[in-house]
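Visitor: Residues in the sequence shown are numbered consecutively from 244, following the numbering used here.
Ideal Cβ positions, reconstructed from N, Cα and C, are used throughout, including at glycine.
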Amino acid sequence: MLTVMTPEELLGCIGTAFGPLNRPPEMVGLDRALGRVLAQDVSAAEYVPGFCRSTVDGYALRGADTFGCSESIPALLTQVGEVEMGKEPTFSIGPGQCAAIPTGGAIPEGADAVQMVEHTEHYGGGEIGIVKSVPPGANLIFKGDDVKPGDLVLRKGRRLEPQDIGALAALGVTQVPVAPRLRVGILSTGDELVPPDRVPGPGQVRDVNGPLVAAVAAQAGAEPVPLGIIPDEENQLREAVEQALESCHCVVLSGGSSVGEKDAACRVMASVGEVLCHGVAMKPGKPTLLGKAGGKPILGLPGHPVAALFTAKLFLLPLLARLEGRPWAERTVSARLAQTVPANHGRAQYTGVTLEEKPDGLWAVPIWGKSGLITTLAGADGFFCVPRDREGVPAGERVEVSLFG
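Next comes the structure, spelled out in structure tokens:
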């Protein structure tokens with residue numbers, strides 16, 4: 244019998260057994276920083292924006308000059324200039340004066356507001372009528388409204404998103420300190436496996452889990468290191484794991500993790516380090532392993548592809564986040580279940596779904612299939628969990644769907 248943990252206990256074990264790796268950062272150009280993990284805090288070294296600027300097309304003016312004005316009694320101002328984009332105004336605004344200004348133009352000295360052109364009238368001869376009052380500070384962005392020198396903009400450990408790239412560009416940061424990519428060694432085990440480019444013979448199947456786990460690792464920003472297929476021979480597997488530990492930050496095995504006589508993953512894990520978990524109370528995915536050797540994690544995934552996918556998503560992703568020192572949270576959406584999903588195993592049950600947007604909201608349609616049939620999940624949007632203490636989830640109940648994307 245396997246001594247099992249709950250999924251929550253295994254996640255807790257990951258959090259206590261492993262910590263962020265101490266690695267010197269590397270510098271990458273802004274064009275290659277997307278998806279990388281920031282290795283240092285980034286603070287502003289200058290004002291953004293570096294000058295006060297208008298948010299509308301209109302007239303820069305002194306707000307006090309417009310108090311009490313209306314369409315019947317406009318405020319009459321004298322236009323003393325026109326702001327040009329990309330240039331600093333060479334004039335200032337005094338009482339009773341204004342200047343034409345485009346969106347994004349620099350506010351002339353003396354002005355404290357901008358009235359949009361829709362609320363103005365041009366009377367000719369440089370006389371402008373303001374038909375709606377505007378308070379000081381309206382329709383403009385002040386110097387440093389975005390950030391000021393010393394402001395913390397991005398924290399260490401954040402995986403950079405497109406909006407972060409934009410913020411770095413605004414700060415003039417073109418070389419970004421990021422954590423080196425984690426190298427994830429990937430081994431598939433089994434006498435029956437052949438590479439995907441080979442036609443399987445009798446009793447053989449193509450290796451699905453190797454490319455699948457590599458894709459999960461790459462999606463997380465890691466560098467997958469495919470190490471091939473190892474037969475069900477304990478000494479060969481041990482040698483392959485030892486070599487993987489030398490060159491990689493994390494090793495992932497698939498197959499060879501249950502209690503069969505030829506399933507040597509647990510014995511190999513114990514021989515090179517220690518076994519932290521041998522089995523998880525979940526379906527599919529019970530024969531999941533977690534070990535540690537030289538401070539590096541070894542994750543053993545089930546051989547069945549659907550089980551390998553669920554366990555990689557549930558445990559490999561937070562494990563990689565932990566090693567990179569960044570927070571981890573599943574991306575989920577709430578949806579109503581389209582069909583009743585039974586469960587009576589005493590284990591957390593994970594079921595793949597497709598999502599359908601209907602007039603009454605988002606619905607999750609269960610995907611039925613066995614854990615050895617990966618094509619049943621092709622096109623799936625995510626999965627949800629039936630807790631171990633429930634006998635299923637009825638149609639119409641809301642579930643939290645963990646997204647594959």
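#1: Name the one or two DSSP bridge partners that Pro470 has.
#2: Checking 8 Å against the spacing of the C-beta atoms, do Ser645 and Glu599 come in under that value?
#3: Ordered along the chain, which non-local residues of its own chain (more than five positions away) have a Cβ less than 8 Å from that of Glu504?
#4: So, helix, strand or coil for Ala303, using DSSP?
#5: With a threshold of 8 Å, are at least 3 pairs of Cβ atoms found where one atom belongs to the stretch 255 to 264 and the other to the stretch 377 to 384?
#6: Residue ranges of each alpha helix (DSSP H) run of no fewer than 4 residues wholly in the stretch 554 to 626, ordered along the chain?
#7: Residues in the same chain with beta-carbon distance under 8 Å from Phe647, minus the five sequence neighbours each way, listed in chain order, please.
#8: Would Ile316 be called buried (16 or more neighbouring beta carbons within 10 Å of its own) or exposed?
#9: Please return the same chain residues whose Cβ sits closer than 7 Å to the Cβ of Pro439, not counting the five positions on each side in sequence.
#10: Please look up how many angstroms separate the CB atoms of Ile473 and Ala276, rounded, as I've assumed it's under 8 Å.
#11: Who pairs with Cys520 in a beta bridge, going by DSSP?
#12: Consult DSSP for Leu733 and reduce its assignment to one of helix, strand or coil.
#13: For Cys493, which of helix, strand or coil comes out of DSSP?
#14: With a 10 Å radius around its C-beta and 16 neighbouring C-beta atoms as the bar for buried, classify Lys391 as buried or exposed.
#15: For a test of the three-state rule: what should DSSP assign to Glu504, helix, strand or coil?
#16: Provide the residue span of the beta strand (DSSP E) that contains Ile541, from first to last.
#17: With a threshold of 8 Å, are at least 3 pairs of Cβ atoms found where one atom belongs to the stretch 454 to 473 and the other to the stretch 408 to 421?
#18: Exposed or buried, which one is Ser313 when buried takes at least 16 other CB atoms within 10 Å?
#19: Between which two residues does the beta strand (DSSP E) containing Gly339 stretch?
#20: Name the residue from Ala483, Glu477, Gly595 whose alpha carbon lies nearest to the alpha carbon of Leu470.
Guide: Taking the coordinates as given:
#1: As a working note, residue 470 is residue 227 in the sequence shown. First, the amino acid is wrong: residue 470 is Leu here, not Pro. In the DSSP output, where bridge partners are listed per residue, Leu470 has none listed.
#2: Counting from 1 along the sequence shown, the entry for residue 645 is found at position 402. Counting from 1 along the sequence shown, the entry for residue 599 is found at position 356. No, Cβ-Cβ distance for Ser645 and Glu599 is not below 8 Å.
#3: To locate residue 504, count along the sequence shown from 1; it is residue 261. Low confidence applies to Glu504: its pLDDT is 46, below 50, so where it sits in the model is not reliable, and the reading given next is rough at best. None.
#4: As a first step, residue 303 must be located in the sequence shown, where it is residue number 60. Note: Ala303 maps to strand in three-state DSSP.
#5: no
#6: 560 to 567
#7: Locating residue 647 in the sequence shown gives position 404, counting from the first residue. These residues qualify, in order along the chain: Lys556, Ala623, Asp624, Gly625, Phe626.
#8: Taking the first residue of the sequence shown as 1, we reach residue 316 at position 73. So Ile316 ends up on the exposed side.
#9: Along the sequence shown, read from residue 1 onward, the residue named residue 439 stands at position 196. Only Arg449, Asp450, Pro454 meet the Cβ criterion.
#10: The count along the sequence shown starts at 1 and reaches residue 473 at position 230. The count along the sequence shown starts at 1 and reaches residue 276 at position 33. That belief does not hold up - the Cβ atoms of Ile473 and Ala276 are roughly 36 Å apart, past 8 Å.
#11: What you label residue 520 is simply residue 277 of the sequence shown in a count that begins at 1. DSSP lists Leu533 as partners of Cys520.
#12: Look at the range of the chain in this structure, 244 to 648, and you will see that residue 733 is not part of it.
#13: Position 250 of the sequence shown, counted from the start, is the residue given in the question as residue 493. Strand at Cys493.
#14: In the sequence shown, counting from the first residue as 1, residue 391 sits at position 148. That one is exposed.
#15: Sequence index remark: in the sequence shown, residue 504 carries index 261 (1-based). Low confidence applies here, because Glu504 scores a pLDDT of 46, under 50, leaving its location unreliable and the question unanswered by this model.
#16: Walking along the sequence shown from the start, residue 541 turns up at place 298. Looking at the DSSP string, the run of the beta strand (DSSP E) that includes Ile541 is 539 to 544.
#17: no
#18: If you number the sequence shown from 1, residue 313 lands on position 70. Flag for Ser313 reads exposed.
#19: For the purposes of this step, residue 339 is taken as residue 96 along the sequence shown, with counting starting at 1. No beta strand (DSSP E) contains Gly339, which DSSP labels as neither H nor E.
#20: On the sequence shown, residue 470 is found 227 positions in, with the first residue counted as 1. It is Ala483.
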